[in-house]
Amino acid sequence: MRFLLDLTETKDMEIVALCDIYRPHLSEAIKMCDAKGIKVKQYLHYEDLLSSEKPDGVIIATPLHQHAHITIDCLKAGIHVFCEKAMARTLDDTRAMYDAHIETGRILQIGHQRLFNPVYLEGIKRIHDGKLGQLGQIRAYWHRNNDWRRPVPDKTEKMERFINWRLYKEYSAGLLTELMSHQIQVANWALDKTPVSVTGTGSIVFWKDGREVDDNVALIYSYDNGVQFIYGSMTSNKKYGLEEQIMGHKGTIEFETNRYYTETPPPAPGILQLLNDIESGLFEKVNIGGASWVPETAVKYNGEPIIENTDFYDTGLQLEGFISHVREGKAPEKLIREGYNASIWTLLGEKAIETGEKITLPEKYQI
Amino acid sequence: MNTVLDIVIWGCEMEYAENASSAIINKIKRLQEVLDRYDSKAETYQINQKASRGTVPVSPLLMHFIRLGIDYLNQTDGYFNIFGGKIYSCLKENSSVNTLQPPLAAHTEEMIQINGRHNTVHFLTDNVSLDFGGMGKGIALDAAAGILEKQGIINAFLSFGGSSVLTRGHHPHGDFWPFALKSGNKQDEVWKLTDTAVSVSEAKTGQNKRPHIWNVKEEIPVSSDRISCVQAQTAAVAEVLSTALIAAPAEKQKSIIQNFKVIQWRVFDTTHEESS
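Protein sequences, first through last, are from chains B and P.
Take 1 as the starting number for the first sequence in my numbering and just add one per residue.
Take 368 as the starting number for the second sequence in my numbering and just add one per residue.
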């Protein structure tokens, strides 16, 4: 919301209406608009909004299980849609959203903000240009140490499930749909492929507080070229935090920390000059002598940044992208395909955990 | 060796160069398994943990390097000393050794007891600790020279982080390898290297320019802005001397040098040359 309000100042874009079935959140959003001097209409039910307003685009940031029907109704009403990831709670709903996008020709952009992040754009370019060599494994994790709960205003079960929807299987696949979906999108993007199978396991290890979704998951996705995407997420230890590690035989990229590591650290500056001189037919002095003999601590190769300037917010950039797409009336089809495949394979990961089996993609979900 | 090794080889098939490089790296790894004082699996580390408490056996290879270190200690009048590991570590961490460590003994016999027949050592005081940091890179480069010769590599330039360099043959576009310092006021001076080694030491090191070399005689860290550069036939001698010449006072340097076969040497500070 904050990013969207900022964009009203720089982009030729207007917020016309807000809709939220939960009145406290709606009131909070209205206050934020008022603070910026923006007057908007407010709705509790999206059907009322659709019957009264004709926006060019809509941003859907509801709980996961509400994504599909709202998205499909908006697309059918001729409205371009930005929908938070993951796409839907079920495989069929995910497919239905994609089909509605194809049938209506309206934009359906899924909230994978890394697709708009300059660090990722540069890193993926290097990967696709072969700078990392043959990729062998992609590892990703997203670890936290908290109960992943939001405060509930009263003690009723209804409100608990309404507010903490991420913890209940009816509404969410937990760590998979809310966190991993981002990172499998990165893996698919890096490999320019989708998996062929997934196995996994999950459990409630620590937060035995009535939640239904696992607080501890581990999955292995396999691709047709033999590469694996190895994923882990837990909510009772945050030491390793969040990362996607793309590992090739020539180098490694760690996106979240903006680092690139070559497998062969660059030579000392003097050696580099010597090599250049040899190749150029020059015979120049090599200024290399220096340093000292004291037993140094191990020389740690800390890699290098993928890009230098990281003064941006990719959440804002993806909204900016959506606004531009709406204005053009079209978006690169790559965007929805990335979102769709990430969502489908996230849900297949859930199925792998539930069944304990190796899961492949049913033909009806192939696009 | 806790630094970067760069190997430049020319004048042979790539395959031969790669084979030689691999052999050198493997050899250095094996040396490190013996000489590393920081790796808990290395022999030197383990000896340092036990030898103050009693007699401990050492491998023939480590015994060889201990004896070599003692020779260098004697030849440098004590200004190069492999037994001051604890002092060097303290110096590295806080530069105030006197308050933390008792002084090293003046003579080898007061620091270590060696039984050559049984290949055992016993450190005679608590502050004795082996540290091959001042000769390890030289030892490794001399071993590399043997591998290059064995594999028929004629032209090579090997550099351990710029402080220890070994050359074989010459630059492809000249009659020698043109070595120069990277800092100070001697950057334009070219040292012509062919089949020799050169080592550079600075009195202060790291980003904070912290003293890291110990003057054994005066029991103080060397805090001048001194730089030494020594060219010799072997990399170990070059490395040992470049350190000793930093630690020793100017009037001692020539007498130390006379105990070694040295091609050329310099000791200077950032403003003027002291001796040569």
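Think of the CB as a built atom: it goes at the ideal place given N, C-alpha and C, for glycine as much as any other residue.
Just so we're clear, the structure is a prediction, and the values are computed from it rather than from any experiment.
Residues of chain B whose Cβ lies closer than 8 Å to the Cβ of Ser526/P are, in chain order, Ala268, Gly270, Ile271 and Ile288. For Thr8/B, the uninterrupted alpha helix (DSSP H) segment begins and ends at Arg2 to Thr10. Taking 8 Å as the cut-off, the beta carbon of Leu533/P is found no closer than this to the beta carbon of Ala547/P.
Within the region 58 to 71 of chain B, not one residue has a Cβ closer than 8 Å to any Cβ of chain P. In this model, Asn146/B and Thr310/B are separated by some 28 Å (Cα to Cα).
Leaving aside the five residues that flank Pro63/B on each side, the residues in its chain whose CB is nearer than 6 Å to its CB run, in chain order, Trp165 and Tyr171. For Pro427/P, no chain B residue has a Cβ inside 8 Å of its Cβ, as the nearest lies near 24 Å away. Within chain P, the residues placing a beta-carbon under 7 Å from that of Lys285/B are Pro545, Ala547 and Val557, ordered along the chain. The beta carbons of His143/B and Tyr240/B sit about 5 Å from each other, so the pair counts as a contact at 8 Å. Scanning Asp209/B, Val217/B, Val196/B and Ser197/B for the CA closest to the CA of Ser203/B turns up Val217/B. Against chain P, the CB of Leu75/B has no partner CB under 8 Å away; the residue lies outside that interface. Non-local C-beta neighbours of Pro266/B in its own chain, meaning closer than 6 Å and more than five positions away in sequence, are absent. Chain B places a beta carbon closer than 8 Å to that of Cys596/P, counting this residue as a contact. Around the beta carbon of Gly378/P, fewer than 16 other beta carbons lie within 10 angstroms, which makes this residue exposed. In this structure, the CA atom of Asn188/B is about 54 Å from the CA atom of Ala605/P. Taking a Cβ-Cβ cut-off of 9 Å, the neighbours of Pro265/B in chain P comprise Val371, given in sequence order. Listed in chain order, the positions of the region 126 to 150 of chain B with a beta carbon within less than 9 Å of a beta carbon of chain P would be empty, since no residue qualifies. For His182/B, the enclosing alpha helix (DSSP H) stretches over residues Ser181 to Leu191. The three-state secondary structure of Cys379/P, taken from DSSP, is coil. Under DSSP, Val597/P shares a beta bridge with Ser566/P and Trp632/P. With fewer than three CB-CB distances shorter than 8 Å, the region 14 to 34 of chain B does not count as touching the region 326 to 341 of chain B. Restricting attention to Pro545/P, Asp373/P, Ser568/P and Asn393/P, the CA atom closest to the CA of Thr561/P is found in Pro545/P. Of the residues assessed, Asn482/P falls on the exposed side of the cut-off, its CB having fewer than 16 other CB atoms within 10 angstroms. The Cβ atoms of Val198/B and Gly303/B do not sit closer than 8 Å to each other.
At least one CB atom of chain P sits nearer than 8 Å to the CB of Leu282/B.
Three or more Cβ pairs drawn from the region 395 to 414 of chain P and the region 498 to 513 of chain P lie within less than 8 Å of each other, which places the two stretches in contact. Pairing Ser426/P with Val119/B, the inter-Cα distance amounts to about 52 Å. Between the alpha carbons of Asp277/B and Glu308/B lies a distance of about 29 Å. Approximately 6 Å separates the beta-carbon atoms of Val565/P and Trp558/P; this is inside 8 Å, confirming the contact.
Taking a C-beta cut-off of 8 Å against chain P, none of the residues of the region 214 to 228 of chain B qualify. Residue-level contact by beta carbon fails for Ile253/B and chain P, as no gap is shorter than 8 Å. Residues of the region 385 to 419 of chain P with a Cβ closer than 8 Å to any Cβ of chain B, in chain order: Arg404 and Tyr405. Taking the beta carbon of Ser591/P as reference, no residue of chain B falls within 8 Å; the closest one sits roughly 13 Å away.
Within the same chain, Val286 come within 7 Å of Gln273/B by CB-CB distance, once the 5 residues on both sides are set aside.
Just so you know, the alpha carbons of Gly289/B and Leu121/B end up roughly 39 Å apart.
Residue pairing for Lys41/B: DSSP places it in a beta bridge opposite Ala17/B.
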